Each structure stands twice: as structure tokens, then as C-alpha cells.
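If you read the sequence shown in my numbering, its first letter stands for residue 524, the second for the next number, and so on.
By construction, the Cβ of each residue, glycine as well, lies at the ideal position given by its N, Cα and C atoms.
The model shown is predicted, which means the values in this text are computed figures rather than measured ones.
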Amino acid sequence: MKEYKYTEKKDTRSGFGAGLLELGRTNPNVVALCADLVGSLKMADFIKENPERFFQIGIAEANMMGIAAGLTIGGKIPFTGTFANFSTGRVYDQIRQSIAYSGKNVKICASHAGLTLGEDGATHQILEDIGMMKMLPHMTVINPCDYNQTKAATMAIADYEGPVYLRFGRPVIPIFTDPNQKFEIGKAWMVNEGTDVSIFATGHMVWKAILAGHILAEKGISAEIINIHTIKPLDEEAILKSVAKTKCVVSAEEHNRLGGLGDSIAQVLVKNIPLPMEYVAVNDTFGESGTPEELMEKYGLTENDIVEAAQRAISRKQA
524 MKEYKYTEKK DTRSGFGAGL LELGRTNPNV VALCADLVGS LKMADFIKEN
574 PERFFQIGIA EANMMGIAAG LTIGGKIPFT GTFANFSTGR VYDQIRQSIA
624 YSGKNVKICA SHAGLTLGED GATHQILEDI GMMKMLPHMT VINPCDYNQT
674 KAATMAIADY EGPVYLRFGR PVIPIFTDPN QKFEIGKAWM VNEGTDVSIF
724 ATGHMVWKAI LAGHILAEKG ISAEIINIHT IKPLDEEAIL KSVAKTKCVV
774 SAEEHNRLGG LGDSIAQVLV KNIPLPMEYV AVNDTFGESG TPEELMEKYG
824 LTENDIVEAA QRAISRKQA
């Protein structure tokens, strides 16, 4: 099992803030909009350097999406910022009609996604956003795994023509990817090569998958771990290449089991090479108030849950 060490932990939303700041310095067409959550979205540095390119919309998220769509007509590249729940569930109609339908070049940047929002509870812990966004035609869906990858993804989507949903989070997590990485939309990242089981993880669950890989290695199980940071378009070639070798699959995501990364992978398997598959995800329920650690434990999103899922998938392989 390949070693991934870290010396620092940061929240992925800070990676977004750092990427947006860099874009402010290098791309004059980038503008930012926020729905009264500048501190939470780490936009303050961008605003300080580019006050004329920032629009505080207030608690009017639907209006923010409409304004962002209009800004694209004048050649601007708008980055909208608010919590993931308000970036998707509250404004789905505006995204569908004003952004996705006409392929507007809006970057929908969503913080505080999933259970790790923590104590704010179920009303804010959206677990359906990946499904909602990936079902929209023209929409690209990206869920990076740490601070460095979120920064790189933020900068990469400015060069991509078309609507993008960029998902990131609140908790501090290990930084383990290259600070100088080139982020390639639609290209999975091989974290660790293995032969016994393919673990496809996204977002905060990538580090959990790495921890699970070490536990599995101690049990004599070789896990292939792949970071699916782009859920749409999905890197089907990477998935099929991996499962042709391992013959079984685990998906790991901080999202509802229904409609997320796991279901996208399952569609690929059904069409090409049906194999045993296990999901590590929230099992069709809402969250609740608690610390991120408590919630990840209760809802089955730990490294041990990935280990158990891998063992189940392996046990179902045909001899």
C-alpha cells in the first residue's frame, strides 16, 4: 500500500478561497457572487483585492443564480458561493432553467456539503446534491478530496466552458495531494494500485479510503484506490480498467446512497461488466446534529466501514 503522509490539515472550502484569489489575479473575467456567507466561503481575500468584481446578493440565492446567468452573456465567468443546500435544493429551478438549459458558463461553488457540516443538522446537511446536479444536462460535477485539489479544481473550472457544480466542505482534513498538481476534469486519479478490490472514493472519503487500504493490506488484501473527483463526466475507462483486474467494487461517498457516485459506477458496470459491488454512503436517510466525527461514525462513513464493504465485495466474487 502506497504511503500518503500529511503535515497539515485544512478545510476544502479554504482551498476554494485560495483558488478564487489566484483567479482574481490571473483572469480579469472572473467575478464572484455570494449569498451573505463570505466568511464561510472564504471569499474575503478575493473581495479585498477585487472589490469591483464582487456582488453581495444577500439571502436571495435564487436571484443570485439568475444574476450569474446574466453576467455570462457579457463574457464574465461568475463563481457563486453559498452552502451546498442553498446552492442546489433551494435554487434547483433557477439552475435548471437559467443555467443548465442554455449551458451558461456559471460556476456553482458549494461549501458545507454532506454530513460533515456537523452541528447545523439535517436541514443544512444536503445529501442529495450530487444526484440533483449530475442529472442536469450540460452540468459538470466535481467533488475534490483535499485543500490542494480543491484549489486546483477551482482554477481549472475557470478555463472550462459551461456550467459546473463544485462541491467542498467545512471540516479540516489531511492535505495529501500535490500542491502543484494539474487538475484534469473528467480524469480519475489513481491513488494506489491493487489487485483484490477496486475502491472508488470521492471528496472527504478519499482519505478514509486510504486509511482503509492500510487496514486491508494488514489483512493481506490488495486494494486499488481511485479518486473520482469528477463525477460527471465520469471516467468510465479508468473504472473498467480497474474492475477488469479486481473483479469487485466498493464506492465511498459522503452522500445519499441513492443517486450519487455509486449509482453512476453501477450504471457503468451493468452496461459493461456486471460485478459484485458494495456502497459506503448514507443509507437513504437525513442526517442530524452532531460533530462530523460522530456523524460519520453513526452513518457508516468510516475507514472501517470501507474495510467491511471491501471484504463483503471480495466474498461475493465468483471463483
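Let me know if residue i comes out buried or exposed under the rule of 16 or more other beta-carbons within 10 Å of its beta-carbon.
i	result
Tyr529	exposed
Gly542	buried
Glu531	exposed
Asn779	buried
Ala567	exposed
Thr677	buried
Ile722	buried
Gly604	buried
Ala681	buried
Pro797	exposed
Lys533	buried
Val793	exposed
Ser765	buried
Gly743	exposed
Gly597	exposed
Pro815	buried
Ala735	buried
Looking at the structure shown, is residue i part of a helix, part of a strand, or coil, going by DSSP?
i	result
Leu556	strand
His737	helix
Leu689	strand
Met800	strand
Ala603	One detail in the question is off: residue 603 reads as Thr in this sequence, not Ala. Thr603: strand per DSSP, three-state reduction.
His716	For clarity, residue 716 is Glu in the given sequence; the question names His instead. If DSSP states are grouped into helix, strand and coil, Glu716 belongs with coil.
Thr663	strand
Thr700	coil
Thr549	helix
From which residue to which residue does the beta strand (DSSP E) around residue i run?
i	result
Lys533	532 to 534
Phe706	No beta strand (DSSP E) contains Phe706, which DSSP labels as neither H nor E.
Glu747	746 to 750
Phe723	720 to 724
Phe577	577 to 579
Glu776	772 to 779
Lys742	Here Lys742 belongs to no beta strand (DSSP E), and DSSP marks it neither H nor E.
Thr753	753 to 755
Need the endpoints of the alpha helix (DSSP H) that residue i sits in, please.
i	result
Thr677	670 to 681
Val791	784 to 795
Gln834	826 to 838
Met588	584 to 596
Met524	Neither: Met524 is in no alpha helix (DSSP H) and is coded neither H nor E.
Met656	652 to 657
Pro843	Summary: the structure shown does not reach residue 843, with the chain confined to residues 524 through 842, and so no result is reported for it.
Lys764	759 to 769
Ile570	567 to 572
Ser563	561 to 564
Quick one: what's got a C-beta closer than 7 Å to residue i's C-beta in the same chain, skipping five residues either side?
i	result
Gly785	Ser774, Glu776, Tyr802, Ala804
Ile622	Met588, Ala592, Val629, Pro686
Thr825	Lys731, Met819
Ala832	Val773, Glu801, Val803
Asn586	Ile580
Glu617	Before going on, a small fix: residue 617 reads as Gln here, not Glu. Excluding sequence neighbours, Gln617 sits near Ala585, Met588, Gly589.
Asn671	Gly538, Ile698, Thr700, Asp701, Pro702, Gln704
Val695	Lys532, Lys533, Asp534
Leu594	Val554, Pro601
Pro860	The requested residue 860 is not part of the displayed model; the chain covers only 524 to 842.
Ile649	Ala607, Asn608, Thr611, Gly612, Ala636
Give every residue of the same chain whose Cβ lies closer than 6 Å to the Cβ of residue i, excluding the five residues on either side of it in the sequence, and list them in chain order.
i	result
Ala675	Gln704, Phe706
Trp712	Asn750
Glu488	In the structure displayed, the chain extends from 524 to 842; residue 488 sits before or after that span and is not available.
Note down, in chain order, each residue of its chain lying with its Cβ closer than 8 Å to the Cβ of residue i, except the 5 sequence neighbours on either side.
i	result
Val791	Leu757, Glu759, Ile762, Leu763
Ile754	Ile653, Lys657, Val664, Ile665, Asn666, Thr725, Gly783, Leu784, Ser787
Arg536	Ser563, Leu564, Lys565, Ser634, His635, Thr673, Phe691, Gly692, Arg693
Ala645	Phe809, Gly810, Glu811, Ser812
Ala740	Met524, Ala746
Gly540	Leu564, Lys565, Met566, Ala567, Asp568, Phe569
(request) Please go through the segment 606 to 648 and give each complete alpha helix (DSSP H) segment of 4 or more residues, from N-terminal end onward. (result) Taking only runs of at least 4 residues, the alpha helix (DSSP H) segments lying wholly in the segment 606 to 648 are 607 to 611.
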